[in-house]
Amino acid sequence: MVNKTVEYKTKIIGGNDVFYIGICDDEKEMCTQLEEWCYKYGKKKNIDLEVYVWYTGESLCNDILKDKECIDMLFLDIELITTDGIQVGKFIREELKNLETTIIYISSKSSYAMQLFQVQPLGFLIKPLEVEEVEKILDKSIRLYEMKNQKFEYYSKGTFYKIPYKEIIYFYSQNKKINIITNGGEEQFNGKLKAITSTLPHNFIMIHQSYIINLDYMIEGSYELVKMRGGILLNISQPYRKSVRERIMQNKWEEK
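Under full-length UniProt numbering, the first residue of the sequence shown is numbered 1, with each subsequent residue one higher.
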């Protein structure tokens, strides 16, 4: 018997395979050094990354407000002139409602612990920085990034597809096919919803034998219906109503 090589391709739908790092410090030499270390780290770890640099808190806030694109990790100096790093951090967390970007504060002082609590930074580095410390915090940030950007995988017509879970609004089944509604459109493959239920993250719940929703996209929920982002209304079937109500209440409690 001749062994045949099975050829296939993989396609990633949506998501972002580049790790974006921001640096905001009014010391240009510090920015240059940190940027160099980040690129060397990316090359050593075979990670595709891009680094953006700001010298003032105002320019950083203006750019992220205008661009609406989130950087994945931010090295943020506390002692910035005019708009300091704590104000910038609060702007990101409270005004932009951005809890995704990991913030690493850098400072020449170590007396800011209580003031940083609300911003929920991933780390705090004291100047002068050491490359080993920077690499450790990069390791930690990228591990968190990978956890948050896990992907749903499926096979269809000779191709393996990967879609970040955070971009999936809901799944629905029809005529032995599973349809995936995402931020970017709709995808389809052969399968049964019950076969994938146990593989999905905790925030996905089955509300009907034909629907699995991502709670992160649910705007409102009643006894019989859920309203998803974009105004989509989906029915909750009788057998699932009690468990769905419990999960919705649990999710609200966890968000507090």
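For each residue, glycine too, the CB sits at the ideal point set by N, CA and C.
Discussion item. Buried or exposed, going by whether 16 or more other CB atoms sit within 10 Å of the CB of V18?
Written reply: As a first step, residue 18 is located in the sequence shown; it is residue number 18 there, counting from the start. Exposed is the call here.
Discussion item. Can you tell me where the alpha helix (DSSP H) holding D25 begins and where it ends?
Written reply: The sequence position of residue 25 within the sequence shown is 25, counting from 1. Per DSSP, D25 lies in no alpha helix (DSSP H) segment and is marked neither H nor E.
Discussion item. With the cut-off set at 8 angstroms, would you say I106 and P121 are in Cβ contact?
Written reply: Position 106 of the sequence shown, counting from 1, holds the residue named residue 106. Position 121 of the sequence shown, counting from 1, holds the residue named residue 121. No; because the gap between Cβ atoms is not below 8 angstroms, this pair is not in contact.
Worksheet item: Which of helix, strand or coil does DSSP assign to D139?
Response: Counting from 1 along the sequence shown, the entry for residue 139 is found at position 139. DSSP places D139 within a helical segment (H, G or I) once states are collapsed to three.
Worksheet item: Expressed to the nearest angstrom, what Euclidean distance is found between the alpha-carbon atoms of I196 and I47?
Response: Translated into the one-based positions of the sequence shown, residue 196 becomes position 196. Translated into the one-based positions of the sequence shown, residue 47 becomes position 47. Approximately 30 angstroms between the Cα atoms of the pair.
Worksheet entry | Separation of I163 from N149, as counted between CA atoms | As a working mapping, residue 149 is identified with position 149 in the sequence shown. As a working mapping, residue 163 is identified with position 163 in the sequence shown. Taking the straight line joining both Cα atoms gives about 9 angstroms.
Discussion item. Less than 8 angstroms between the C-beta atoms of Y217 and M206, yes or no?
Written reply: Your numbering for residue 217 matches position 217 in the sequence shown. Your numbering for residue 206 matches position 206 in the sequence shown. Their beta carbons are not under 8 angstroms apart, which means Y217 does not touch M206 by this criterion.
Item to complete: Could you pull out every residue in the same chain whose Cβ sits closer than 8 angstroms to the Cβ of I174, ignoring the five residues on either side in sequence?
Response: Locating residue 174 in the sequence shown gives position 174, counting from the first residue. The amino acid occupying residue 174 in the given sequence is Gln; Ile does not appear at that position. If we look at Q174 and ignore the five residues flanking it on each side, its Cβ neighbours are S210.
Worksheet item: Is the stretch 57-72 close to the stretch 87-101, with three or more CB pairs under 8 angstroms?
Response: Taking a cut-off of 8 angstroms for Cβ pairs, the stretch 57-72 and the stretch 87-101 touch, as three or more such pairs fall below it.
Fill in: Buried or exposed (CB count within 10 angstroms, at least 16 for buried), L74
The residue you call residue 74 lines up with position 74 of the sequence shown. The residue in question, L74, is buried, as its Cβ has 16 or more Cβ neighbours within 10 Å.
Practice prompt. Have a look at the DSSP bridge pairing and note the partners of Y55.
Written response: Start at 1 with the first residue of the sequence shown, and residue 55 comes out as number 55. DSSP lists no partner for Y55.
Worksheet entry | C-alpha gap between L129 and P201, whole angstroms | Numbered from its first residue, the sequence shown carries residue 129 at position 129. Numbered from its first residue, the sequence shown carries residue 201 at position 201. Straight-line Cα distance between these residues: approximately 37 angstroms.
Worksheet entry | Classification of V119 by the beta-carbon crowding that lies within 10 angstroms, buried from 16 upward | Position 119 of the sequence shown, counting from 1, holds the residue named residue 119. By the neighbour-count rule (16 or more Cβ atoms within 10 Å), V119 is buried.
Fill in: Touching by the beta-carbon criterion (3+ pairs, under 8 angstroms), the stretch 51-61 and the stretch 17-35
Touching, yes.
Worksheet entry | First and last residue of the uninterrupted beta strand (DSSP E) at T102 | The count along the sequence shown starts at 1 and reaches residue 102 at position 102. Per DSSP, T102 belongs to the beta strand (DSSP E) from T102 to S107.
Worksheet entry | Anticipated Cβ contact below 8 angstroms, T101 with C70, distance rounded | To locate residue 101, count along the sequence shown from 1; it is residue 101. To locate residue 70, count along the sequence shown from 1; it is residue 70. T101 to C70, Cβ: 5 angstroms. Contact.
Worksheet item: In whole angstroms, what is the alpha-carbon distance linking V226 and R143?
Response: Numbered from its first residue, the sequence shown carries residue 226 at position 226. Numbered from its first residue, the sequence shown carries residue 143 at position 143. The alpha-carbon of V226 is positioned some 33 angstroms away from that of R143.
Item to complete: Would you list the residues sitting across from L125 in a DSSP beta bridge?
Response: Start at 1 with the first residue of the sequence shown, and residue 125 comes out as number 125. Listed as beta-bridge partners of L125 by DSSP are I106.
Discussion item. So, under 8 angstroms CB-CB, L138 and Y20 are touching, yes? Tell me the CB distance rounded to an integer number of Å.
Written reply: Counted from its first residue, the sequence shown places residue 138 at position 138. Counted from its first residue, the sequence shown places residue 20 at position 20. Taking the Cβ atoms as the reference, L138 lies roughly 13 angstroms from Y20, outside the contact range of under 8 angstroms.
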